[in-house]
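Numbering (our numbering), first residue to last: 105 to 492. For every residue, glycine included, the Cβ atom is placed at its ideal position computed from N, Cα and C.
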């Protein structure tokens, strides 16, 4: 008997994912270089301290730091990163050898490990005191090794101009395209740890906690938020700021169920969607041809759950899967930073348009193309032209 189409189709989809991702053999994931080239300060565009909480096990190679295996306990660390002067907004200049060259690539200059949660909380409290008490927690997506998670967190902080305390929550993704199911299970296993982290940040004295999640990281995130709601503290004692769900790899029906339990948030969650997100199209095929939240076409169907949907389908992307526009499109990462830095709860259509136009001009773009961001709220649909 031949396997049913329902079984064969997901396998074909997974094979398509492998092809689209261009797997070309083993890749080094060493975050720490063997040696470093000394460079002048003028060659460095920025220095950033990224706090890290992870459910990953320690890697056998200390330069890799953390592997894709799961750990029974969270680990706490901080990575000091530099960004080269040659950096282009939206890009990640990844080292190409074991020799670190801060003038050309993102470079980890120091790794500090904290012995326990209390030591981490103390360091966090001191850093927040220098940054007005604002914290951004970033949760990465599927197929992301530890080094890639650190690079992406650094790029977002640098390009967005975020001035608060950045925390990377990195769950045990295997960092391999073929491990979609393993990653999904790792994400599920990490939801309690993310909930614990959010409570820890609250207890450490944060005044505002922003959350930015990408891809499968949204599953971890919305599950953790759902659990907060079930304990009666869904907005972290009033400290919850923006929640940005970028390219969420969540079944639409599951998301609706999660939000029914969470309730309509005081401040609308921001959902970034794209109909040409090829990674989510493949994910939907694997899931039985069910739409994912990140490529869902019916924005009006979900805004009643307390979200604002920004459809960025027509914006250009830095990856061929169109899956990381929130970070690698220069305008989007600037808009992300603008939103996270703002104290304003919501903005009118004209205010949003004016701000997009200002940022567009600042990036040297002109409003001559058909590219636009379509923003859907419970009250209106706005089309904001952008330059590409």
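Check your understanding: How should residue 401 be labelled, buried or exposed, when 16 other C-beta atoms within 10 angstroms of its C-beta is the threshold for buried?
Key -> When all chains shown are included, residue 401 counts as exposed.
Exercise for review: Please name the residue or residues paired with residue 377 in a DSSP beta bridge.
Suggested key: BP columns for residue 377 point to 415.
Exercise for review: Note down, in chain order, each residue of its chain lying with its Cβ closer than 7 Å to the Cβ of residue 395, except the 5 sequence neighbours on either side.
Suggested key: Once the five neighbours on either side are set aside, the close Cβ partners of residue 395 are 356, 388.
Practice item. Helix, strand or coil for residue 127, going by three-state DSSP, please let me know. Key: Caution applies to residue 127, whose pLDDT of 38 falls short of 50 and renders its modelled position unreliable; the value that the coordinates give is listed next. Residue state, collapsed to three classes: coil.
Point to revise | Contact the stretch 274 to 285 vs the stretch 197 to 205: 3+ CB pairs below 8 Å | key: No, they do not touch.
Review point. Between residue 150 and residue 430, what straight-line distance do the alpha-carbon atoms span, to the nearest angstrom?
Key: Answer to the nearest angstrom: the Cα atoms are 21 Å apart.
Practice item. Determine the extent of the beta strand (DSSP E) in which residue 185 is found, giving its start and end residues. Key: Where residue 185 is concerned, the enclosing beta strand (DSSP E) stretches over 170 to 188.
**Study point:** chain B within 8 Å of residue 339, Cβ atoms only
**Key:** Note that chain B does not occur in the displayed structure, where there is just one protein chain.
**Study point:** Proximity to residue 262 [Cα-Cα], best of 196, 249, 407, 369
**Key:** For residue 262, the closest C-alpha among the options 196, 249, 407, 369 is that of 196.
Practice item. Confirm, please, whether the CB-CB distance from residue 160 to residue 175 is below 8 Å. Key: Yes, the Cβ-Cβ distance between residue 175 and residue 160 is below 8 Å.
**Study point:** One or two residues paired with residue 153 in a DSSP bridge
**Key:** Partner(s): 184.
Practice item. Take residue 208 and list the residues in its own chain whose beta-carbon comes closer than 7 Å to its own, dropping the five residues that flank it on each side. Key: Closer than 7 Å at the Cβ level, and outside the excluded window around residue 208, lie 188, 190, 197.
Exercise for review: Following the continuous alpha helix (DSSP H) through residue 255, name the residue where it begins and the one where it ends.
Suggested key: Its alpha helix (DSSP H) spans residues 250 to 264.
Point to revise | residue 409 to residue 310 span [Cα, whole Å] | key: Roughly 27 Å separates the two Cα atoms.
Exercise for review: Indicate whether the contact test is met: 3 or more Cβ pairs, each with one atom in the stretch 412 to 429 and one in the stretch 299 to 315, closer than 8 Å.
Suggested key: Because the criterion of three Cβ pairs below 8 Å is not met, the stretch 412 to 429 and the stretch 299 to 315 do not touch.
Exercise for review: Count the C-beta pairs between the stretch 321 to 334 and the stretch 210 to 220 that are closer than 8 Å, then say yes if the count reaches three, no if not.
Suggested key: Under the Cβ criterion (8 Å, minimum of three pairs), the stretch 321 to 334 does not count as touching the stretch 210 to 220.
**Study point:** Pair within 8 Å by beta-carbon distance, residue 441 and residue 265
**Key:** The criterion of a C-beta distance shorter than 8 Å is satisfied by residue 441 and residue 265.
Review point. If you run the structure through DSSP and keep just helix, strand and coil, what is residue 299?
Key: Helix, per DSSP.
**Study point:** residue 301 vs residue 225 beta-carbon contact at 8 Å
**Key:** No, they are not a contact pair.
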